[in-house]
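Student: My questions all concern the structure below.
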Amino acid sequence: MYNQDLMTANTTPWIRRNYKWALPVGFALLLLTFFFSMTGDATLRVGSIVANPSLINNAIEKANKDDAVIAEYGTLSPTNSLAIIEGEVVYSNNNETVNISLWVQGSKRRGKLDLTADYKNNTWHYRMIRMRNKKTRELLMVLE
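To convert, note that position 20 of the sequence shown is 227 in this note's numbering; the numbers rise steadily by one, no gaps.
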């Protein structure tokens with residue numbers, strides 16, 4: 208009797224025995240594949256900036272030293288991961304140059320921070336930092 212029960216258990220199809228976990232896992236893998244095929248490497252580009260927020264926070268510190276930025280936007284606060292994810296990150300030149308555009312919050316108003324930086328000798332060197340007011344289309348160059 209014991210051998211017959213063991214034989215019956217092995218003759219049921221694998222999917223019938225394991226569908227409760229196999230279907231959700233398969234669906235999740237399908238969604239992940241679809242997500243990465245649609246976004247390409249954008250997830251990885253933004254993820255690398257989120258992992259290294261000092262690139263943006265150092266640019267904000269430089270902007271906070273500019274009198275025109277302080278007069279227009281007030282003191283800019285450091286960004287959080289959500290602001291970086293909402294922004295735009297574009298790498299070029301074999302991932303040695305980055306162009307970033309993201310919202311930053313000042314004590315007076317919000318604005319867009321645009322920056323271009325080159326990665327040389329294990330440090331980022333800023334080529335351009337500017338603040339942008341989307342409503343008035345005013346540009347304040349912090350570093351050219």
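The C-beta atom is built at its ideal place from N, Cα and C for all residues, glycine as well.
1. Let me know if I263 comes out buried or exposed under the rule of 16 or more other beta-carbons within 10 Å of its beta-carbon.
2. Determine, using beta carbons only, whether A275 and L322 come nearer to each other than 8 Å.
3. Residues bridged to M335 by DSSP?
4. For W310 versus R316, is the C-beta distance shorter than 8 Å?
5. Return the CA-CA distance between K319 and R223, expressed in angstroms with no decimal places.
6. Starting from E295, follow the beta strand (DSSP E) in both directions and report where the run begins and ends.
7. How many angstroms separate the CA atom of N328 from the CA atom of E279?
Tutor: This is what the structure holds:
1. buried
2. Pairing A275 with L322 gives a Cβ-Cβ distance that is not under 8 Å.
3. BP columns for M335 point to T323.
4. no
5. 54 Å
6. 295-299
7. 35 Å
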